[in-house]
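Comments concern the structure below.
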Amino acid sequence: MKFFGFAAGVAATMTLLSTTSAFAVTQISWWHAMTGANAEVVDKISKDFNASQSDYELVPVFKGTYPETLNAGIAAFRAGQAPDILQVFDVGTGVMMAAEGAIKPVAEVLTSAGMTFDKSQYLPGIVGYYSKPDGTMLSFPYNSSSPILYYNKDIFQKAGLDVNSPPKTWNEVWEAAKKIKTSGAASCGYTSTWLTWIHLENFAAWNDVSWATQQNGLAGGDVELKINAPIFVNHFQALADLAKDGTFKYGGRTSEAKQIFLAGECGIFTESSGGLGDIVKSGMNYGIGQLPYDTDAKGAPQNTTPGGASLWVFGNKSDEQYKGVAAFFSYLSKTDVQEYLHQKSGYLPVTLAAYEATKKSGFYEKNPGRETPILQMTGKAPTDNSKGVRLPNLPQVRDIQNEEFEKMLAGQQTAQQALDNAVTRGNAAIKEALEN
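Going letter by letter, the sequence shown gives residues -24 to -1, 1 to 412 in mature numbering (1 follows the signal peptide of the UniProt record, and there is no 0).
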């Protein structure tokens, strides 16, 4: 297949972005997609890294949303001006993995810089997702997340719901959302970010049902989607029915619904654990619950799969730049840095040491629910249905799914029609990507 306009495996000549000052400080460019409280975390980590040594200057640059950042990286690569580090959301993993000539695996970056890389020090479910089948880690999992449920305790109290008992199943979510709406406690009962990631990909994993053949694309590229099975259809028809009177409010394809929840319009919200920073910053009286599961699924709950993003390193950079990147990744792996990232943002700690240190500090006891995303991902050994999702063109397939969902939510088609269309169109897009 083709990547960034070039044949996979063929390295393009890139402009080296490193500039050297009179003090021989090598600049390392880092393009990212973090906003709000998470952008503040990026800035602090960058400044702290720069202050910790004098050889390298990390320069973070915001490039827009996750899809926009990936597209910016593609455009920069084509122009021969790729950054040193690009933050790519989980959806783009298959795209980057197919670009062997364009990227340099993180494991090679670290070892070539003389640093020891021991993957046993990292959370296995996260590292495995960003690695080759032989275990070689391709990218650094900077901000891994798991979808969880947030709820507004003040709205729950007004609606007569138990503020200490978040809904555990989707049927309980639907009922609570209806009660919030009909009681007048809020104008909407439930909203969600990322319908594709939360309500398809993680819905499948959490309920231990197949999202697609070939272990959801991890075992091979010849993939056929299975998202029009009855369990998915019933789930999306419930959403469509709730949307008719505004009990469910659609915010957008990515994280737009967060603003609806922060504004107090809806009482229940499913979102990445990495959305926590903005919720804390808002001062809301909030609670956290696990991702709801479907009572018709025999294996539920199983385990969630990593979301968020990882850091990819472009190829054809100088040895000094790679040493700088390795120094930064080594810094990021420090226990105190991972503790800060995890506790401040809600993203999962990458290392086991940071997780254990956070537990030992009593953080989870003082902050109920904050361990939930980790327990969801690590509580059970993954099955063939719950190891993750990988396609060479997953961003395109998600766009197709979103188009069909939006027609469904507008009352133009049923959930069955939406998911049937998503499967037909998605399979055709996957086949075309493989042929090219």
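For every residue, glycine included, the Cβ atom is placed at its ideal position computed from N, Cα and C.
Checking 7 Å against the spacing of the C-beta atoms, do residue i and residue j come in under that value?
{"i": "THR327", "j": "TYR42", "result": "no"}
{"i": "GLY78", "j": "PHE93", "result": "Reading off the sequence shown, one finds Ala at residue 78, where the question assumed Gly. In this structure, PHE93 does not lie closer than 7 Å to ALA78 by Cβ."}
{"i": "TYR269", "j": "ASN183", "result": "yes"}
{"i": "SER168", "j": "ALA135", "result": "no"}
{"i": "LEU308", "j": "ILE124", "result": "no"}
{"i": "LEU46", "j": "PHE381", "result": "no"}
{"i": "TYR340", "j": "PHE245", "result": "no"}
{"i": "LYS257", "j": "ALA89", "result": "no"}
{"i": "ALA302", "j": "GLN314", "result": "no"}
{"i": "LEU367", "j": "GLY49", "result": "no"}
Could you pull out every residue in the same chain whose Cβ sits closer than 6 Å to the Cβ of residue i, ignoring the five residues on either side in sequence?
{"i": "CYS164", "result": "GLY222, LYS225, GLU241, CYS242"}
{"i": "ASP396", "result": "ASN204"}
{"i": "TRP288", "result": "LEU62, VAL64, MET72, ILE79, SER115"}
{"i": "THR11", "result": "none"}
So, for residue i: in the same chain, excluding its five sequence neighbours on each side, which residues have a beta-carbon less than 7 Å away from its beta-carbon?
{"i": "SER(-4)", "result": "With a pLDDT of only 39 at SER(-4), under the threshold of 50, the placement of this residue in the model should not be trusted; the figure read from the coordinates follows. Taken in chain order, the list of residues that qualify is empty."}
{"i": "VAL67", "result": "LEU370, PRO371, ARG374"}
{"i": "ALA216", "result": "MET384, LEU385, ALA391"}
{"i": "THR348", "result": "ILE124, ILE264, GLN266"}
{"i": "TYR323", "result": "ASN119, SER120, SER121, SER249, GLY250, GLY284, LEU317"}
{"i": "THR112", "result": "PRO81, ALA83"}
{"i": "ILE174", "result": "PRO123, SER168, THR246"}
{"i": "ALA161", "result": "ILE131, LYS134, ALA135, GLY243"}
{"i": "ARG229", "result": "ASN378"}
What did DSSP end up calling residue i once you bin it into helix, strand or coil?
{"i": "PHE93", "result": "coil"}
{"i": "GLY165", "result": "strand"}
{"i": "SER(-4)", "result": "Low confidence applies to SER(-4): its pLDDT is 39, below 50, so where it sits in the model is not reliable, and the reading given next is rough at best. Coil, per DSSP."}
{"i": "ALA9", "result": "coil"}
{"i": "GLY263", "result": "strand"}
{"i": "THR327", "result": "strand"}
{"i": "residue 455", "result": "A query on residue 455 cannot be resolved here, the shown segment of the chain reaching from -24 to 412 and no further."}
{"i": "SER249", "result": "helix"}
Check the DSSP bridge columns for residue i and list the partner residues they point to.
{"i": "LYS225", "result": "THR167"}
{"i": "THR145", "result": "TYR269"}
{"i": "ALA188", "result": "LEU201"}
{"i": "GLY283", "result": "SER121"}
{"i": "LEU34", "result": "ILE4"}
{"i": "GLN63", "result": "LEU287"}
{"i": "SER107", "result": "MET113"}
{"i": "ILE79", "result": "PHE290"}
{"i": "TYR98", "result": "THR327"}
Rank the options by C-alpha distance to the C-alpha of residue i and give the top, closest one.
{"i": "GLN3", "options": "GLY193, VAL35, PHE25", "result": "VAL35"}
{"i": "TRP6", "options": "GLN57, VAL185, GLN29", "result": "GLN57"}
{"i": "ALA195", "options": "LEU252, LYS108, PHE25, THR354", "result": "LYS108"}
{"i": "ASN140", "options": "PHE132, PRO282, TRP146", "result": "PHE132"}
{"i": "LEU238", "options": "GLN29, TYR32, VAL85, ASP130", "result": "ASP130"}
{"i": "GLN191", "options": "SER286, LYS363, LEU410", "result": "LYS363"}
{"i": "ASN403", "options": "GLU151, GLN278, THR189, SER337", "result": "THR189"}
{"i": "ILE255", "options": "GLN278, SER231, ASP24", "result": "SER231"}
{"i": "GLU408", "options": "GLN389, LYS39, ASP198, ASP295", "result": "ASP198"}
{"i": "ASP31", "options": "ASN412, ASP19, GLU296", "result": "GLU296"}
{"i": "PRO142", "options": "PRO344, ALA394, VAL209", "result": "PRO344"}
{"i": "ALA273", "options": "ILE207, ALA405, LYS39", "result": "ILE207"}
Cutting at 8 Å between CB atoms, please list the residues of its own chain near residue i, excluding the five before and the five after it.
{"i": "TRP187", "result": "LEU176, GLU177, ALA180, ALA181, LEU201, LYS202, ILE203, ASN361, VAL365"}
{"i": "SER321", "result": "ALA13, ASN14, VAL17, ASN119, GLY250, LEU252, GLY253"}
{"i": "THR145", "result": "PRO268, TYR269, ASP270, THR271"}
{"i": "LYS220", "result": "GLY387"}
Using a Cβ cut-off of 7 Å (strictly closer), state whether residue i contacts chain C.
{"i": "PRO143", "result": "The structure shown contains no chain C, having only a single protein chain."}
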